[in-house]
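Let me begin by presenting the structure, written as structure tokens, before commenting on it.
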Amino acid sequence: GQNIDQPTEMTATEGAIVQINCTYQTSGFNGLFWYQQHAGEAPTFLSYNVLDGLEEKGRFSSFLSRSKGYSYLLLKELQMKDSASYLCALQKTGYKLSFGAGTTVTVRA
Amino acid sequence: DVKVTQSSRYLVKRTGEEVFLECVQDMDHENMFWYRQDPGLGLRLIYFSYDVKMKEKGDIPEGYSVSREKKERFSLILESASTNQTSMYLCASSRAIGTRNGNTEAFFGQGTRLTVV
Numbered sequence: 001g002q003n004i005d006q007p008t009e010m011t012a013t014e015g016a017i018v019q020i021n022c023t024y025q026t027s028g029f030n031g032l033f034w035y036q037q038h039a040g041e042a043p044t045f046l047s048y049n050v051l052d053g054l055e056e057k058g059r060f061s062s063f064l065s066r067s068k069g070y071s072y073l074l075l076k077e078l079q080m081k082d083s084a085s086y087l088c089a090l091q092k093t094g095y096k097l098s099f100g101a102g103t104t105v106t107v108r109a
Numbered sequence: 110d111v112k113v114t115q116s117s118r119y120l121v122k123r124t125g126e127e128v129f130l131e132c133v134q135d136m137d138h139e140n141m142f143w144y145r146q147d148p149g150l151g152l153r154l155i156y157f158s159y160d161v162k163m164k165e166k167g168d169i170p171e172g173y174s175v176s177r178e179k180k181e182r183f184s185l186i187l188e189s190a191s192t193n194q195t196s197m198y199l200c201a202s203s204r205a206i207g208t209r210n211g212n213t214e215a216f217f218g219q220g221t222r223l224t225v226v
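Going down the list, the protein sequences come from chains A and P. First residue of the first sequence: 1, per the numbering used here; consecutive thereafter. First residue of the second sequence: 110, per the numbering used here; consecutive thereafter.
Shown next as structure tokens:
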């Protein structure tokens, strides 16, 4: 596999900011995805990074550094509905996605 | 609204039974995938298909086979179910050609929770 590592769990307060890190060891890939998965539901697409740098989409931003083997997902102005698992995934050739184990984020009032 | 539909949300089967999991997508996507999701392990790719009648093994194909006779349908087959195949199974599809920056996001079905007893 791609040895994709994410923290298992994170807890934050409503209105705060949380950063979910994703590190990986692989020789090459097309791009890096972040997905959100609420309990009992399907994963849904959040963001995609193909070049190094920051991609911003409203309250969510994702960053990629290929040279450092590192990405993060930044969630701002946390809301209760953001409590979910966040999955980091690498896309290699053939459009196959390899996923990390996911980070469960719990937002507390 | 785009949709990937899996035939069952919950299934209970006996050891040794043949199990068919069906997946249909209405987006005319070329690529289709089967993953299983287990606590602490994340999503692991079982098989994927990039065209009708074409298939490739993923990371954990042992004990599984697939069928893609039509573009919109991708079936996962457990020829002789075992207890270690108890899991959540997720089907996904994606287009072959990405958007301007190459984004070929995958759309997932709701999942089938299979229990083998």
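From the three backbone atoms N, C-alpha and C, an ideal C-beta is built for every residue, glycine too. Quick caveat, the model's predicted, so the values are computed rather than measured.
Check: Counting contacts by CB-CB distance shorter than 7 Å, is A/Gly100 in contact with chain P?
Finding: As a working mapping, residue 100 of chain A is identified with position 100 in the first sequence. Chain P, which has a Cβ nearer than 7 Å to the Cβ of A/Gly100, makes this yes.
_Relative to the C-alpha of A/Leu87, which candidate in A/Leu78, A/Leu73 and A/Glu77 has its C-alpha closest?_
Here the question's residue 87 of chain A lines up with position 87 in the first sequence. That would be A/Leu73, whose Cα lies nearest to the Cα of A/Leu87.
- Query: Is P/Lys179 helix, strand or coil by DSSP?
  - Reply: Position 70 of the second sequence holds residue 179 of chain P. Note: P/Lys179 maps to strand in three-state DSSP.
Exercise. Locate the beta strand (DSSP E) running through P/Met141, then write down its first and last residues.
Key: Within the second sequence, numbered from 1, the residue matching residue 141 of chain P stands at position 32. Counting along the chain, the beta strand (DSSP E) containing P/Met141 begins and ends at Asn140 to Asp147.
- Cutoff 7 Å: P/Gly125 Cβ touching any chain A Cβ: Translated into positions along the second sequence, residue 125 of chain P becomes position 16. It does not: the Cβ of P/Gly125 has no partner Cβ on chain A nearer than 7 Å.
*Distance, P/Glu178 Cα to P/Asp160 Cα*: Here residue 160 of chain P is taken as the residue at index 51 of the second sequence, counted from 1. Here residue 178 of chain P is taken as the residue at index 69 of the second sequence, counted from 1. Each residue's alpha carbon lies about 9 Å from the other.
Is there at least one Cβ from chain P nearer than 7 Å to A/Pro43's Cβ? Stepping through the first sequence from its first residue, residue 43 of chain A is reached at position 43. Output row for A/Pro43: interface = yes.
A/Phe99 versus P/Ser184, P/Thr124, P/Pro148 and P/Ala205, residue with shortest Cα-Cα distance = Within the first sequence, numbered from 1, the residue matching residue 99 of chain A stands at position 99. Measuring from the Cα of A/Phe99, the nearest candidate turns out to be P/Pro148.
Item checked: Interface residues of the region 24-37 of chain A facing chain P [CB-CB below 9 Å] -> Asn30, Gly31, Phe33, Tyr35 and Gln37
Q.
At a CB distance below 7 Å, what residues from the region 46-69 of chain A approach chain C? Give them in sequence order.
A. Structure shown: chain C not included; protein chains present are A and P.
Checklist entry - Using Cβ-Cβ distances below 8 Å, what residues of the region 164-198 of chain P are close to chain A? => result Glu165, Gly167 and Asp168
Between the C-alpha atoms of P/Ser191 and A/Tyr95, what's the straight-line distance to the nearest angstrom? Taking the second sequence and counting its residues from 1, the one referred to as residue 191 of chain P is at position 82. Taking the first sequence and counting its residues from 1, the one referred to as residue 95 of chain A is at position 95. For P/Ser191 and A/Tyr95, the distance between alpha carbons rounds to 29 Å.
Here's a check: name, in chain order, each residue in its chain whose Cβ is nearer than 6 Å to the Cβ of P/Val175, leaving out the five neighbours to either side.
Within the second sequence, residue 175 of chain P is the residue found at index 66, counting from 1. If we look at P/Val175 and ignore the five residues flanking it on each side, its Cβ neighbours are Tyr156, Lys164 and Leu185.
Residue from A/Gly69, A/Asn30, A/Ile20 and A/Leu46 whose Cα sits closest to the Cα of A/Gly58: Within the first sequence, residue 58 of chain A is the residue found at index 58, counting from 1. Selected option, being the one with the closest Cα: A/Leu46.
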